[in-house]
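K.L.:
Starting off with a structure, shown below.
Protein chains: 2
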Amino acid sequence: MANGVKRVRRTPDEARRLILDAAREAIARTGPDGLRLHDIAAAAGVSHPLILHHFGSRAGLVRALTREAIAELRDKLITAMAEPHHSTEELLGRVFEAFRDGLGQRLAWLATIDPDGDQGGSTMIQREFAEHLHARRVAAAPAGTTITQEESQFLVHLIAIAALGEAIYGTQFRRSAGLSKGPETDRRFWAWLAALIRARTTPA
Amino acid sequence: MANGVKRVRRTPDEARRLILDAAREAIARTGPDGLRLHDIAAAAGVSHPLILHHFGSRAGLVRALTREAIAELRDKLITAMAEPHHSTEELLGRVFEAFRDGLGQRLAWLATIDPDGDQGGSTMIQREFAEHLHARRVAAAPAGTTITQEESQFLVHLIAIAALGEAIYGTQFRRSAGLSKGPETDRRFWAWLAALIRARTTPA
DNA sequence: AGGCTTATTGACAATATTGTAAACATACTT
DNA sequence: AAGTATGTTTACAATATTGTCAATAAGCCT
Chain H
3 MANGVKRVRR
13 TPDEARRLIL
23 DAAREAIART
33 GPDGLRLHDI
43 AAAAGVSHPL
53 ILHHFGSRAG
63 LVRALTREAI
73 AELRDKLITA
83 MAEPHHSTEE
93 LLGRVFEAFR
103 DGLGQRLAWL
113 ATIDPDGDQG
123 GSTMIQREFA
133 EHLHARRVAA
143 APAGTTITQE
153 ESQFLVHLIA
163 IAALGEAIYG
173 TQFRRSAGLS
183 KGPETDRRFW
193 AWLAALIRAR
203 TTPA
Chain S
3 MANGVKRVRR
13 TPDEARRLIL
23 DAAREAIART
33 GPDGLRLHDI
43 AAAAGVSHPL
53 ILHHFGSRAG
63 LVRALTREAI
73 AELRDKLITA
83 MAEPHHSTEE
93 LLGRVFEAFR
103 DGLGQRLAWL
113 ATIDPDGDQG
123 GSTMIQREFA
133 EHLHARRVAA
143 APAGTTITQE
153 ESQFLVHLIA
163 IAALGEAIYG
173 TQFRRSAGLS
183 KGPETDRRFW
193 AWLAALIRAR
203 TTPA
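Chains H and S supply the protein sequences, listed in that same order. Residue 3 is where the first sequence starts when you use my numbering, and the numbers rise one by one after that. Residue 3 is where the second sequence starts when you use my numbering, and the numbers rise one by one after that.
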């Protein structure tokens, strides 16, 4: 008796998804330093060798997590750019929102675990984004003005590092830096940054 | 025989410094995930229990590292602000330089190990910096213009998150994002950002 | 039904890692 | 010179952590 061991047999994709979801929650809760196979397995309701079976090693799991996070960011950014937006502020808000909900923090944390796991994925996104933005700026510019490509790249670079820094330290920084927390302050910050960018980017 | 064990007896401060230096190099080399007492001890030329003796625990060492990093940043920023600088670009360059040489990266990495180790130190710096900058802006503003305090805070916030994001991801982002690496590009980026800020911050 | 593939698991292993305790040595004090 | 305080180390311990391996069982095909 007592051998009524019911096993759930999933498809490999289902199992991988289950594990990745648990790992995502685990890293959000414990930070990159506390990412343990045992905990992830327990949270996913499986045994820890199953993780090794599906991802080869702990490093393999981290790589999969990174790939997923980058893909997620890419999707969000593409939809943000595809949606019709009228103001710079609106676009900027969407971009920053793409990093929200722990995605930016997760990316940063994953990078600390495995700096080479990115495999140039984020830079690829950045280049795409820069080209898209440049085309948009050129199209929107009044006749006779010159829009340099480097400025578009700088713009994307600034947004990228600011969004990531915000994702990592935003909460801590605002905790008692005089800035009140909440979406209200966020929106005003975006609006301010958007105005900052537009003042220079769109020469009258 | 063979018991000619020569021991070096340091003052507690010397020992702590020795260990902290080794730990600083270790975290720079291995990342926050690879910070191991054994390795630090080996690099410092001491036994690992000595670290426990002087810092109580691994967490104690991390806390000491964080405090030191924050103090270092504070010093650099204060000297940067104290030095006479004529252009916004110059000040901005100095601020970004303060995060260089791994200091920004170290701060970010330490934050991933112990998010509460900061103890509000960085926010304190940010507040100081914001007040200083605000006073400076008010003094430099032409008569009749209004300088809001919130804008000064936003400015500092932007610089802080951008500098940190730059410190963490700058290298990776520029690796193949179309931006050539090197101090030349850095300087142009600073100049561009400074112009961006000045265009809005100093209303004509 | 029987066999095959493989997802899943429990047991085991090897090493790593933080921490403890007592012995030891070094410098300072008297 | 002897004693004392404490910096330092060796030995040890307890647990954690990744990974291996063979056994098990669930679903699918014939």
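Each residue gets a CB set at the ideal place from its N, CA and C atoms; glycine is no exception.
Using the Cβ count rule (16 or more neighbours within 10 Å means buried), how would you classify residue 36/S?
P.N.:
With fewer than 16 Cβ atoms within 10 Å of its Cβ, residue 36/S is classed as exposed.
K.L.:
Specify whether the segment 126-135 of chain S and the segment 48-67 of chain S touch according to this definition: at least 3 beta carbon pairs, one from each stretch, less than 8 Å apart.
P.N.:
Counting Cβ pairs under 8 Å, fewer than three are found: no touch.
K.L.:
Compute the distance between the beta-carbons of residue 114/S and residue 33/H, then report whether it is under 8 Å.
P.N.:
Yes, the Cβ-Cβ distance between residue 114/S and residue 33/H is below 8 Å.
K.L.:
Evaluate contact between the segment 39-49 of chain S and the segment 84-98 of chain S, counting only Cβ atoms and requiring at least three cross-stretch pairs below 8 Å.
P.N.:
Taking 8 Å as the limit for Cβ pairs, the verdict is that the segment 84-98 of chain S does not touch the segment 39-49 of chain S.
K.L.:
At the 8 Å Cβ level, is residue 104/S part of the contact set with chain H, yes or no?
P.N.:
False, the Cβ-Cβ gap to chain H never drops below 8 Å.
K.L.:
Give me the residue from 191/S, 104/S, 165/S, 123/S with the minimum Cα distance to residue 27/S.
P.N.:
The shortest C-alpha separation from residue 27/S is found at 104/S.
K.L.:
When the cut-off is 8 Å and only beta carbons count, does residue 40/H lie next to chain S?
P.N.:
Not an interface residue.
K.L.:
How would you list, in chain order, the residues of chain H whose beta-carbon sits under 8 Å from the beta-carbon of residue 67/S?
P.N.:
None at all; the shortest Cβ gap to chain H is about 14 Å.
K.L.:
Measure how close the beta-carbons of residue 158/S and residue 149/S come, nearest whole angstrom, since I'm counting them as under 8 Å.
P.N.:
Between residue 149/S and residue 158/S the Cβ distance is about 14 Å, and since that is not below 8 Å, they are no contact.
K.L.:
So which residues of chain H does residue 98/S contact, with C-beta pairs closer than 8 Å?
P.N.:
The premise fails here: residue 98/S is roughly 11 Å from chain H at the closest Cβ pair, so nothing lies under 8 Å.
K.L.:
Would residue 33/S count as contacting chain H if we go by Cβ distances under 8 Å?
P.N.:
By this cut-off, residue 33/S is an interface position.
K.L.:
Are the C-beta of residue 115/S and some C-beta of chain H separated by less than 8 Å?
P.N.:
Residue 115/S counts as touching chain H.
K.L.:
Let me confirm a value: residue 90/H is counted as buried when at least 16 other C-beta atoms fall within 10 Å, else exposed. Which label applies?
P.N.:
Its Cβ being crowded by 16 or more others within 10 Å, residue 90/H is buried.
K.L.:
Chain S beta carbons: is any one of them nearer than 8 Å to that of residue 30/H?
P.N.:
Residue 30/H does not count as touching chain S.
K.L.:
Please report the straight-line C-alpha distance between residue 176/S and residue 168/S, rounded to a whole angstrom.
P.N.:
Taking the straight line from one Cα to the other gives about 10 Å.
K.L.:
Using the Cα positions of residue 153/H and residue 199/H, report the straight-line distance between them to the nearest angstrom.
P.N.:
Spanning the two alpha carbons is a distance of roughly 11 Å.
K.L.:
For residue 11/H and residue 60/H, I'd like the C-alpha separation in whole angstroms.
P.N.:
Rounded to whole angstroms, residue 11/H to residue 60/H spans 22 Å at the Cα level.
K.L.:
Run through DSSP, which three-state label would residue 134/H get?
P.N.:
Reduced to three states, the DSSP call for residue 134/H is helix.
K.L.:
Quick check on this structure: which residue in 121/H, 170/H, 201/H has the alpha carbon closest to the alpha carbon of residue 98/H?
P.N.:
It is 170/H whose Cα lies nearest to the Cα of residue 98/H.
K.L.:
Check for me: the alpha helix (DSSP H) holding residue 57/S runs from which residue to which?
P.N.:
Unbroken alpha helix (DSSP H) run through residue 57/S: 50-57.
K.L.:
Residues in its own chain within less than 6 Å of residue 30/S by CB, not counting five upstream and five downstream?
P.N.:
Once the five neighbours on either side are set aside, the close Cβ partners of residue 30/S are 104.
K.L.:
Please list the segments of the alpha helix (DSSP H) lying wholly inside the segment 77-141 of chain H, counting only runs of 4 or more residues, in order along the chain.
P.N.:
Taking only runs of at least 4 residues, the alpha helix (DSSP H) segments lying wholly in the segment 77-141 of chain H are 90-100, 105-115.
K.L.:
Does any CB atom of chain S fall closer than 8 Å to the CB of residue 74/H?
P.N.:
So no, residue 74/H is outside the interface.
K.L.:
Can you tell which of 194/H, 17/H, 123/H, 161/H has the C-alpha that lies nearest to the C-alpha of residue 151/S?
P.N.:
Minimum Cα distance to residue 151/S is reached at 194/H.
K.L.:
Which residue wins for smallest C-alpha separation from residue 201/H, given the options 143/H, 106/H, 15/H?
P.N.:
Comparing Cα-Cα distances from residue 201/H to each of 143/H, 106/H, 15/H, the minimum goes to 143/H.
K.L.:
Against residue 195/H, what residues of chain S qualify as contacts under a CB-to-CB distance less than 9 Å, listed in chain order?
P.N.:
Ordered by position in chain S, the residues that pass the 9 Å Cβ test against residue 195/H are 156, 160.
K.L.:
For residue 107/S, tell me which candidate among 95/S, 173/S, 39/S, 17/S has the shortest Cα-Cα distance.
P.N.:
Checking every option, the nearest Cα to that of residue 107/S belongs to 173/S.
K.L.:
Cβ atoms of residue 15/S and residue 72/S: under 8 Å apart, would you say?
P.N.:
Cβ atoms of residue 72/S and residue 15/S: not closer than 8 Å.
K.L.:
Excluding five sequence neighbours on each side, which residues of the same chain lie with their C-beta closer than 8 Å to the C-beta of residue 166/H?
P.N.:
Once the five neighbours on either side are set aside, the close Cβ partners of residue 166/H are 101, 106, 109, 110.
K.L.:
If we count the other Cβ atoms within 10 Å of its Cβ and call it buried at 16 or more, is residue 95/S buried or exposed?
P.N.:
Classification of residue 95/S: buried, given that the 10 Å Cβ count is 16 or more.
K.L.:
How should residue 145/S be labelled, buried or exposed, when 16 other C-beta atoms within 10 angstroms of its C-beta is the threshold for buried?
P.N.:
Under this definition residue 145/S is an exposed residue.
K.L.:
Have a look at residue 162/H and residue 186/H and give me their C-alpha separation to the nearest angstrom.
P.N.:
One C-alpha to the other measures close to 22 Å.
K.L.:
Does the distance from the CB of residue 53/S to the CB of residue 44/S come in under 8 Å?
P.N.:
Cβ distance not < 8 Å, so residue 53/S and residue 44/S don't count as in contact.
K.L.:
Buried or exposed: where does residue 164/H fall if 16 or more other Cβ atoms within 10 Å of its Cβ makes it buried?
P.N.:
Buried, because 16 or more other Cβ atoms sit within 10 Å of the Cβ of residue 164/H.
K.L.:
Determine whether the Cβ of residue 128/S lies closer than 8 Å to any Cβ atom of chain H.
P.N.:
Yes, its Cβ sits closer than 8 Å to a Cβ of chain H.
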